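Just below is one structure, and these are the notes that go with it.
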Ligand code: NOJ
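In this note's numbering, the protein residues as written are -3 to 547.
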């Protein structure tokens, strides 16, 4: 039996201010030694997360999957992939996390399944118009012989969003929609059978004690009626532009979350739904966290805010206003398994943007690693003082950079293959993390196997190397989390202070936070320093540095 967390009074639930740590299971810790991380590996390392001081874990997908998109292609929503362990391993991991008062959030992928899911296999075997086909989005093609896709939509990973099937007799058949890889067919969420199935999947994990769900592609489950053609603006990435997008942010998704909200509310302990919803504005994102819908929505606009006093202030102000407007906390995030790690991203420039990952042949200069790390430490020190909840991505507490020099033959991200290598994709932030400097696979396992090659520089970033080293990023994170908890910072409000154009400064709780973005040092009262992302120089705050002062 796992430990039961209490249910709090409305307004003071744990998720409003929690620090939640994302584990990407394939790359965290590998007990079996096969080169891919697993649930027993995670359990064996829980003490280091307790020492770090996090409140909860979000576990990226570990369900049965052919792993065409690293588990975001689920073939069985109610079982663990043998690559990661068993359901018993999951139960043990959950119990061990709960014993340490760490909650555990499961990643749920409801927009699409794997093409190996029994429902999709049944749909392929059934006739057009059958109930089996109606669980997915099958359509006849256009053109005289149906040889053209039903519309012009493009997959997020590149190439067309439709694939034509071959009938049992060898003739070409209907087309099915996949907003991502062709191995990830989209469900038809207008179908009540799909809705009932996912209510049951929610209950399956809630009954086992899961503390909630991070919901994949939470903005994509409903498509505009008639599936109209749409050409995205070239600069809009996956968030879309000002124009409505027929597959993102359709009004109909909200009724799904209202339904799920009632399911979670039946369980004690304030279970949480967190939306992965890429939307152009904070105001739109806030619609996902209205009081009867989800509880959190990742603030991706903040993740991409310019590294300047004005850019950060504008993003923080508009976020707080939008989320406060619906009674929800803001959910800050700087890194995850889909973006260039912020210790590298913050050193990129307009001439050298993040693009779709970076690799050995990305044009332009290499991002300056020292600058990136310095800014990342300042950014995290700023983020962890903000009111609301924050997500951390495994390895950022070590200051890990993006791994740029992965050879093409090692890459696994489907977007790399679907674009013939034009987009490097996301493998660079997914490399197994280092635990020890001088061990096989840097302590990721004891065999030395690693599903993506680890660079030699990971030795300098290993947890063992950084533990107890006064100026390490790990020790900075520990201080930040301890001071944040002691001062209840995530639950406070924020009041801006004026310190000049290049400086961002605010009061929150009993702390004054100052970040210097400019070249000139900013004087601070050294006797009030609680912590600083870099040492002060001659009693002043140097560039790209954040300090917490007693107010
Ligand atoms: C978002 C996930 O974070 C990403 O890794 C995945 O590829 C897509 N959704 C598709 O599930």
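Where is the CB? At the ideal position from N, CA and C, for every residue including glycine.
Since we're looking at a predicted model, the values are computed, not measured.
Compute the distance between the beta-carbons of residue 458 and residue 11, then report whether it is under 7 Å.
Translated into positions along the chain shown, residue 458 becomes position 462. Translated into positions along the chain shown, residue 11 becomes position 15. No.
What first and last residue would you give for the alpha helix (DSSP H) that runs through residue 250?
Indexing the chain shown from 1 puts residue 250 at position 254. Element bounds for residue 250: 249 to 261.
Just how far apart, CA to CA, sit residue 3 and residue 36?
Taking the first residue of the chain shown as position 1, residue 3 is located at position 7. Taking the first residue of the chain shown as position 1, residue 36 is located at position 40. Spanning the two alpha carbons is a distance of roughly 29 Å.
Pick out whichever of 293, 167, 135, 313 has its Cα sitting closest to the Cα of residue 157.
For this step, residue 157 is matched to residue 161 along the chain shown. Comparing Cα positions, the closest option is 135.
With 16 as the cutoff for other CB atoms within 10 Å, does residue 105 come out buried or exposed?
By one-based count along the chain shown, residue 105 stands at place 109. Result: buried.
Where does residue 325 land, buried or exposed, given buried means 16+ other C-beta within 10 angstroms?
As a position in the chain shown, residue 325 is number 329, starting the count at 1. Its Cβ being crowded by 16 or more others within 10 Å, residue 325 is buried.
Going by beta carbon distance, what residues of the same chain come within less than 7 Å of residue 317, once the five residues before and after it are set aside?
Counting from one through the chain shown, the residue named residue 317 turns up at place 321. Here the set comprises nothing.
Going by C-alpha to C-alpha distance, which of 379, 266, 331, 428 sits closest to residue 5?
Here residue 5 is taken as the residue at index 9 of the chain shown, counted from 1. For residue 5, the nearest C-alpha among the options comes from 266.
With respect to 6 Å, is the separation between the Cβ of residue 60 and the closest non-hydrogen atom of the ligand NOJ below this value?
Within the chain shown, numbered from 1, the residue matching residue 60 stands at position 64. Result no, Cβ not under 6 Å from the ligand NOJ.
Using 10 angstroms around the beta-carbon of residue 357, count the other beta-carbons present and answer buried if the total reaches 16, otherwise exposed.
As a first step, residue 357 is located in the chain shown; it is residue number 361 there, counting from the start. Exposed: under 16 other Cβ atoms inside 10 Å.
Going by DSSP, what residues sit across from residue 385 in a beta bridge?
Along the chain shown, read from residue 1 onward, the residue named residue 385 stands at position 389. Residue 385 pairs with 327.
How long is the line joining the alpha carbons of residue -3 and residue 54, rounded to whole angstroms?
The residue you call residue -3 lines up with position 1 of the chain shown. The residue you call residue 54 lines up with position 58 of the chain shown. For residue -3, the predicted structure reports a pLDDT of 45, less than 50, and the residue's modelled location is therefore unreliable. A value from the coordinates is still provided. C-alpha separation (whole angstroms): 21 Å.
Under DSSP, the beta strand (DSSP E) around residue 492 begins and ends at which residues?
In the chain shown, counting from the first residue as 1, residue 492 sits at position 496. That run of the beta strand (DSSP E) goes 491 to 493.
Where does residue 41 land, buried or exposed, given buried means 16+ other C-beta within 10 angstroms?
Counting from one through the chain shown, the residue named residue 41 turns up at place 45. It is buried - the Cβ of residue 41 has at least 16 other Cβ atoms within 10 Å.
Using the Cβ count rule (16 or more neighbours within 10 Å means buried), how would you classify residue 192?
Translated into the one-based positions of the chain shown, residue 192 becomes position 196. When all chains shown are included, residue 192 counts as exposed.
Cβ atoms of residue 34 and residue 67: under 7 Å apart, would you say?
Here residue 67 corresponds to residue number 71 of the chain shown, with the count starting at 1. Here residue 34 corresponds to residue number 38 of the chain shown, with the count starting at 1. Cβ distance not < 7 Å, so residue 67 and residue 34 don't count as in contact.
Could you tell me if the beta carbon of residue 116 falls within a distance shorter than 6 Å of some heavy atom in the ligand NOJ?
One-based indexing of the chain shown puts residue 116 at position 120. Every heavy atom of the ligand NOJ is 6 Å or more from the Cβ of residue 116, so no.
For residue 260, collect the residues of the same chain with a Cβ closer than 8 Å to its Cβ; drop the 5 residues on either side in sequence, then sort them by chain order.
Position 264 of the chain shown, counted from the start, is the residue given in the question as residue 260. 198, 202, 208, 267, 268, 269, listed in sequence order.
Expressed to the nearest angstrom, what Euclidean distance is found between the alpha-carbon atoms of residue 508 and residue 502?
Numbered from 1 along the chain shown, position 512 holds the residue referred to as residue 508. Numbered from 1 along the chain shown, position 506 holds the residue referred to as residue 502. If I take the Cα positions, the gap works out to 6 Å.
Secondary structure at residue 3, three-state DSSP: helix, strand or coil?
Taking the chain shown and counting its residues from 1, one reaches residue 3 at position 7. In this structure, residue 3 counts as coil in the three-state DSSP scheme.
Distance, Cα to Cα, residue 292 vs residue 152?
For the purposes of this step, residue 292 is taken as the residue at position 296 of the chain shown. For the purposes of this step, residue 152 is taken as the residue at position 156 of the chain shown. One C-alpha to the other measures close to 24 Å.
Do three or more CB pairs link the region 219 to 230 to the region 114 to 131 at distances below 8 Å?
Between the region 219 to 230 and the region 114 to 131 there are fewer than three C-beta pairs closer than 8 Å, too few to call the two in contact.
Examine the Cβ distances between the region 447 to 464 and the region 478 to 488 and report whether three or more of them are shorter than 8 Å.
Look at the beta carbons and you see the region 447 to 464 not touching the region 478 to 488: under three pairs across the two are nearer than 8 Å.
What do you reckon, is the C-beta of residue 68 under 6 Å from a heavy atom of the ligand NOJ?
Walking along the chain shown from the start, residue 68 turns up at place 72. Using a cutoff of 6 Å, the CB of residue 68 counts as near the ligand NOJ, since one of the ligand's heavy atoms is closer than that.
I need the straight-line Cα distance from residue 173 to residue 307, nearest angstrom please.
Indexing the chain shown from 1 puts residue 173 at position 177. Indexing the chain shown from 1 puts residue 307 at position 311. Rounded to whole angstroms, residue 173 to residue 307 spans 38 Å at the Cα level.
Using C-beta distances below 8 Å, list every residue in its chain close to residue 490, excluding the 5 sequence neighbours before and after it, in chain order.
Along the chain shown, read from residue 1 onward, the residue named residue 490 stands at position 494. Result list for residue 490: 312, 316, 382, 383, 502, 503, 504, in chain order.
According to DSSP, is residue 232 helix, strand or coil?
For the purposes of this step, residue 232 is identified with residue 236 of the chain shown, where counting begins at 1. For residue 232, the predicted structure reports a pLDDT of 47, less than 50, and the residue's modelled location is therefore unreliable. The matter cannot be settled from this model.
Using the rule of at least 16 other Cβ atoms within 10 Å of the residue's Cβ for burial, across every protein chain shown, is residue 396 buried or exposed?
For the purposes of this step, residue 396 is taken as the residue at position 400 of the chain shown. It counts as buried.
Please go through the same chain and pick out, in chain order, the residues whose beta-carbon is closer than 7 Å to the beta-carbon of residue 144, but skip the five residues on each side of it.
Here the question's residue 144 lines up with position 148 in the chain shown. Same-chain partners within the cutoff: 137, 138.
Please classify residue 56: is it buried, with 16 or more other beta-carbons within 10 angstroms of its beta-carbon, or exposed?
Taking the chain shown and counting its residues from 1, one reaches residue 56 at position 60. The residue in question, residue 56, is buried, as its Cβ has 16 or more Cβ neighbours within 10 Å.
Give the single residue among 541, 466, 212, 355 whose Cα lies nearest to the Cα of residue 378.
Working through the chain shown from its first residue, we reach residue 378 at position 382. Residue 541 is the option with its Cα nearest to residue 378.
Buried or exposed for residue 98, please, with buried defined as at least 16 other CB atoms from any protein chain shown within 10 angstroms of its CB.
Locating residue 98 in the chain shown gives position 102, counting from the first residue. Looking at its Cβ environment, which holds 16 or more other Cβ atoms inside 10 Å, residue 98 is buried.
Kindly indicate the opening and closing residues of the alpha helix (DSSP H) around residue 172.
Residue 172 sits at position 176 when you count from the first residue of the chain shown. Run containing residue 172: none in the alpha helix (DSSP H); it sits in the beta strand (DSSP E), 168 to 173.
Could you give the residue range of the beta strand (DSSP E) that holds residue 73?
Translated into positions along the chain shown, residue 73 becomes position 77. Residues 72 to 76.
Taking the alpha-carbon positions, what's the residue 497 to residue 48 distance?
The count along the chain shown starts at 1 and reaches residue 497 at position 501. The count along the chain shown starts at 1 and reaches residue 48 at position 52. Taking the straight line from one Cα to the other gives about 34 Å.
When you compare each of 78, 440, 445 to residue 455 by their alpha carbons, which one comes out closest?
On the chain shown, residue 455 is found 459 positions in, with the first residue counted as 1. Residue 455 has its Cα closest to that of 440, out of 78, 440, 445.
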